[in-house]
Amino acid sequence: MPKVTIDGHSIEVPEGTTILQAARMIGGNIVPPVMCYYSTLKTSGGYCRTCIVKVSKGSDKDPRPIPKPVASCRTAVMDGMEVQNITSPELLKARAGVVEFLLINHPLDCPICDQAGECYLQDLSYEHGLAKTRFEFQRRTFTKIDIGDKIKLHMTRCILCYRCVKVADQLTPQRVHGVLFRGGVSEISTYIQKAVDNDFSGNMIDVCPVGALTDRTFRFKSRVWNVNPVDAHRDCSKCKGKVALWLKGEEVYRVTGRRDAYDEVIDWICNECRFDKKKTSDWVIEGPSNISRHSVISQNHYTLKEPRHKPLLNAVKVVPDQNLINEKK
Ligand code: SF4
Ligand code: FES
Numbered sequence: 022m023p024k025v026t027i028d029g030h031s032i033e034v035p036e037g038t039t040i041l042q043a044a045r046m047i048g049g050n051i052v053p054p055v056m057c058y059y060s061t062l063k064t065s066g067g068y069c070r071t072c073i074v075k076v077s078k079g080s081d082k083d084p085r086p087i088p089k090p091v092a093s094c095r096t097a098v099m100d101g102m103e104v105q106n107i108t109s110p111e112l113l114k115a116r117a118g119v120v121e122f123l124l125i126n127h128p129l130d131c132p133i134c135d136q137a138g139e140c141y142l143q144d145l146s147y148e149h150g151l152a153k154t155r156f157e158f159q160r161r162t163f164t165k166i167d168i169g170d171k172i173k174l175h176m177t178r179c180i181l182c183y184r185c186v187k188v189a190d191q192l193t194p195q196r197v198h199g200v201l202f203r204g205g206v207s208e209i210s211t212y213i214q215k216a217v218d219n220d221f222s223g224n225m226i227d228v229c230p231v232g233a234l235t236d237r238t239f240r241f242k243s244r245v246w247n248v249n250p251v252d253a254h255r256d257c258s259k260c261k262g263k264v265a266l267w268l269k270g271e272e273v274y275r276v277t278g279r280r281d282a283y284d285e286v287i288d289w290i291c292n293e294c295r296f297d298k299k300k301t302s303d304w305v306i307e308g309p310s311n312i313s314r315h316s317v318i319s320q321n322h323y324t325l326k327e328p329r330h331k332p333l334l335n336a337v338k339v340v341p342d343q344n345l346i347n348e349k350k
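In the numbering used here, each residue's number is its place in the sequence shown (first place is 1) plus 21.
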């Protein structure tokens with residue numbers, strides 16, 4: 022099994038593991054942030070460059086460094102590879118540059134955006150962004166579009182991560198949605214206002230890392246930090262029926278999929294569960310959801326129950342890095 026060292030932490034991983042997956046196995050703050058990769062969506066990743074890392078040693082066989090940052094979600098580890106993420110100031114500077122690019126067309130309308138509080142780009146720009154934009158040109162703007170009766174597309178906020186396209190491709194039987202054009206004029210389209218009304222289309226809302234795709238049944242009803250998530254389930258013939266209900270008192274404000282430590286949906290849910298079951302009597306409530314995300318949602322009486330970067334595969338043997346041990350001695 023190839024051994025890789027990331028920011029001084031070593032691990033042996035199965036052949037074909039990417040640097041990002043290896044970092045997630047180690048856990049902690051060395052895990053690179055992602056905007057387009059989604060472990061359960063095939064061929065996701067490789068679009069946003071948020072997850073870049075510095076490969077300071079290619080492998081034991083060929084120790085030359087890779088001369089420029091690589092996307093960790095698309096680069097497989099090699100035996101003896103050494104990678105730097107948070108220990109490389111120049112890499113962090115490069116990532117700040119990526120964030121600046123992601124923000125050139127993105128409006129800073131967080132105070133009125135429904136995604137505020139659970140927006141990856143908001144978190145990313147707090148951690149890596151500049152206080153001011155250097156972009157002097159006019160930003161792209163689009164009018165909002167209704168994609169069917171339940172989803173609103175606000176293309177102005179889209180960062181073209183392709184996650185929703187992968188959902189459309191892989192979860193729904195008929196694809197009516199994709200990216201049109203290339204480069205600075207690319208846009209998400211549904212040929213176009215054609216409704217995305219198949220049973221699993223609502224999952225696009227959950228995977229969208231920004232406020233570009235929002236739930237029309239929840240828009241402007243409440244800030245996310247004013248509703249409380251609880252895990253609930255029901256017998257459903259289309260999906261597993263395992264969801265998070267977002268409650269204010271007894272009222273169900275929205276229904277979403279449950280999320281793991283990396284904020285990825287654990288089980289996709291169908292549109293019936295998401296949009297049509299909005300009474301607590303439709304559900305068996307299990308208890309408060311674990312919020313593993315570093316977010317305002319975890320404030321107040323919801324405590325951070327699991328660290329965000331909890332090691333995922335405890336079974337994987339973590340090999341202590343001998344150089345670090347020697348340094349400490
Ligand atoms: S609409 Fe959202 S999920 Fe789709 S490409 Fe844009 S940012 Fe990504
Ligand atoms: S998360 Fe790796 S390129 Fe987007």
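Glycine included, C-beta positions come from ideal geometry on N, C-alpha and C.
Computed from a predicted model, the values in this text were never measured in an experiment.
Spatial distance of residue i from residue j (CA atoms)
{"i": "Arg184", "j": "Ile51", "result": "24 Å"}
{"i": "Val55", "j": "Cys72", "result": "5 Å"}
{"i": "Arg203", "j": "Asn126", "result": "15 Å"}
{"i": "His198", "j": "Lys173", "result": "13 Å"}
{"i": "Met99", "j": "Ser65", "result": "21 Å"}
{"i": "Asp256", "j": "Ser109", "result": "49 Å"}
{"i": "Asn224", "j": "Ile87", "result": "37 Å"}
{"i": "Asn219", "j": "Arg160", "result": "33 Å"}
{"i": "Ile180", "j": "Gln143", "result": "12 Å"}
{"i": "Leu112", "j": "Trp304", "result": "47 Å"}
{"i": "Ser210", "j": "Asp236", "result": "17 Å"}
{"i": "Val34", "j": "Pro23", "result": "6 Å"}
{"i": "Val186", "j": "Val74", "result": "26 Å"}
{"i": "Ile166", "j": "Leu41", "result": "35 Å"}
{"i": "Lys269", "j": "Ala253", "result": "15 Å"}
{"i": "Ala265", "j": "Arg279", "result": "5 Å"}
{"i": "Val286", "j": "Thr301", "result": "21 Å"}
{"i": "Thr26", "j": "Tyr147", "result": "27 Å"}
{"i": "Asp130", "j": "Val245", "result": "16 Å"}
{"i": "Ile133", "j": "Leu234", "result": "14 Å"}
{"i": "Val76", "j": "Asn106", "result": "9 Å"}
{"i": "Ser243", "j": "Gly29", "result": "43 Å"}
{"i": "Arg240", "j": "Asp135", "result": "6 Å"}
Exposed unless 16 or more other CB atoms sit within 10 angstroms - verdict on residue i
{"i": "Ser31", "result": "buried"}
{"i": "Tyr68", "result": "buried"}
{"i": "Met102", "result": "buried"}
{"i": "Gly48", "result": "buried"}
{"i": "Asp227", "result": "buried"}
{"i": "Gly262", "result": "buried"}
{"i": "Val206", "result": "exposed"}
{"i": "Phe122", "result": "exposed"}
{"i": "Glu8", "result": "Lying outside 22 to 350, the shown extent of the chain, residue 8 is not represented and no answer is given."}
{"i": "Ala44", "result": "buried"}
{"i": "Ala92", "result": "buried"}
{"i": "Ser222", "result": "buried"}
{"i": "Arg295", "result": "buried"}
Limits of the unbroken alpha helix (DSSP H) element including residue i
{"i": "Tyr141", "result": "Tyr141 to His149"}
{"i": "Met46", "result": "Ile40 to Ile47"}
{"i": "Met225", "result": "Asn224 to Val228"}
Delimiting residues of the beta strand (DSSP E) encompassing residue i
{"i": "Asp167", "result": "Ile166 to Ile168"}
{"i": "Ile209", "result": "Glu208 to Ser210"}
{"i": "Glu111", "result": "No beta strand (DSSP E) contains Glu111, which is instead part of the alpha helix (DSSP H) from Pro110 to Leu124."}
Residue i: CB within 8 Å of a non-hydrogen atom of the ligand NAD
{"i": "Ala137", "result": "Here the bound small molecules are the ligand SF4 and the ligand FES; the ligand NAD is not part of this structure."}
is_contact[residue i, chain B] using C-beta, thresh 9 Å
{"i": "Ile312", "result": "The structure shown contains no chain B, having only a single protein chain."}
message: Which residues neighbour the ligand FES when neighbourhood means a C-beta less than 6 Å away from any of its non-hydrogen atoms? List them by chain order.
response: Val55, Met56, Cys57, Tyr58, Gly66, Gly67, Tyr68, Cys69, Arg70, Thr71, Cys72, Ala92 and Cys94
message: Restricting to runs no shorter than 3 residues, where is the beta strand (DSSP E) found entirely within the region 234 to 283?
response: Listed in chain order, the beta strand (DSSP E) runs fully inside the region 234 to 283 are 234 to 236, 249 to 254, 263 to 269 and 272 to 278, counting runs of at least 3 residues.
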